[in-house]
Amino acid sequence: MSEAGDHSDAETGTDAPTDEDPLADVPDWDDEYVDEVAGRLVHNYDLEQDRTVEGESFDLYGAMEIHSQKHIIHPSISFAHHESHEHLFLRRVEHATVAEIDRLVALGHDLADEWVEADEEHYSTDFTFVLVAPEVPDDVDERVAAVDERTLLKYGYNGHYDVHVAVVAPEQERLVVSEDADVAEALALWEPIEREEPGLLGLISRRLQI
Numbered sequence: 613m614s615e616a617g618d619h620s621d622a623e624t625g626t627d628a629p630t631d632e633d634p635l636a637d638v639p640d641w642d643d644e645y646v647d648e649v650a651g652r653l654v655h656n657y658d659l660e661q662d663r664t665v666e667g668e669s670f671d672l673y674g675a676m677e678i679h680s681q682k683h684i685i686h687p688s689i690s691f692a693h694h695e696s697h698e699h700l701f702l703r704r705v706e707h708a709t710v711a712e713i714d715r716l717v718a719l720g721h722d723l724a725d726e727w728v729e730a731d732e733e734h735y736s737t738d739f740t741f742v743l744v745a746p747e748v749p750d751d752v753d754e755r756v757a758a759v760d761e762r763t764l765l766k767y768g769y770n771g772h773y774d775v776h777v778a779v780v781a782p783e784q785e786r787l788v789v790s791e792d793a794d795v796a797e798a799l800a801l802w803e804p805i806e807r808e809e810p811g812l813l814g815l816i817s818r819r820l821q822i
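Counting from 1, position 51 in the sequence shown corresponds to residue 663 in my numbering; the numbering is continuous, with no gaps.
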């Protein structure tokens, strides 16, 4: 552990503080639930509407990139630079099925092969898939709970990536998420947001485990 004043940590996200309304450029999904979820996500994610990847269509796509580095004495002298990336895909479906969950998990691994730049600066990349459905069948609940898809890159030297899945039934106020998925608070609109939000630093600390 370093002495105070010798080392400092600096973390930056893609969003810099501004006086502009963060909701001004958020697309309108013409879906009350998705619009409200987007309102919670926009403070940390860059959001897109109607994104298609590998033949799979999604109503909402969100991307976040976080950089962390340590400074010695002066900000111009830095080391231990790490990057963390998040990709969130959400769509509304008529029925949530185990087969669709399996297909999305496989898609996550395919995207990791294409999108992850595995080098010494890469810490983590998360792919999270969300299905908005009228209900959450028991077999889907069990399948989501069983999702545990962390892959180490070069034995962890180049970080890792995770594939997460969530299924939410807003009308029933029911949500199931795979382990370590960080989207529960944004999806459970019937639950209040934490009174003391961790903010960007807290989010980075959880993601980078610093």
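Each residue gets a CB set at the ideal place from its N, CA and C atoms; glycine is no exception.
Check	Outcome
E797 - containing alpha helix (DSSP H), residue span	A796 to L799
DSSP bridge partner residues for A758 (one or two, in chain order)	Its beta-bridge partners do not exist; DSSP assigns none.
Inter-residue spacing [alpha-carbon to alpha-carbon] between T709 and G771	31 Å
For I805, the three-state DSSP class (helix, strand or coil)	coil
Status (buried if at least 16 other CB within 10 Å, exposed otherwise) for R762	exposed
With 16 other Cβ atoms within 10 Å as the buried cut-off, status of T664	exposed
Nearest neighbour of R703, chosen from D792, V777, E791 and S790 [CA to CA]	V777
Residue from V728, D640, Q661 and V779 whose Cα sits closest to the Cα of K766	V728
Helix, strand or coil at D725 [DSSP, three-state]	helix
The region 780-796 contacting the region 719-735, beta-carbon criterion three pairs below 8 Å	no
Which listed residue (P746, A757, V654 and F741) has its alpha carbon closest to that of H707	P746
Residues that DSSP places opposite I713 in a beta bridge	Looking at the DSSP assignment, I713 forms no beta bridge with any residue, so it has no partner.
Burial state of P782, where buried means 16 or more other Cβ atoms lie within 10 Å	buried
Best match in D774, Y773, V775 and L801 for proximity to E785 [C-alpha to C-alpha]	L801
Contact set for E712: own chain, Cβ-Cβ below 8 Å, skip 5 residues either direction	V705 and L743
From L653, V775, R652 and A650, residue whose alpha carbon lies closest to that of S790	V775
Nearest neighbour of L764, chosen from D725, R755 and E644 [CA to CA]	D725
Which residues DSSP lists as bridging E660, in chain order	Y673
Own chain, CB closer than 7 Å to A798, minus 5 neighbours either side, in chain order	V649, R652 and L653
Residues bridged to S696 (per DSSP)	I678 and S736
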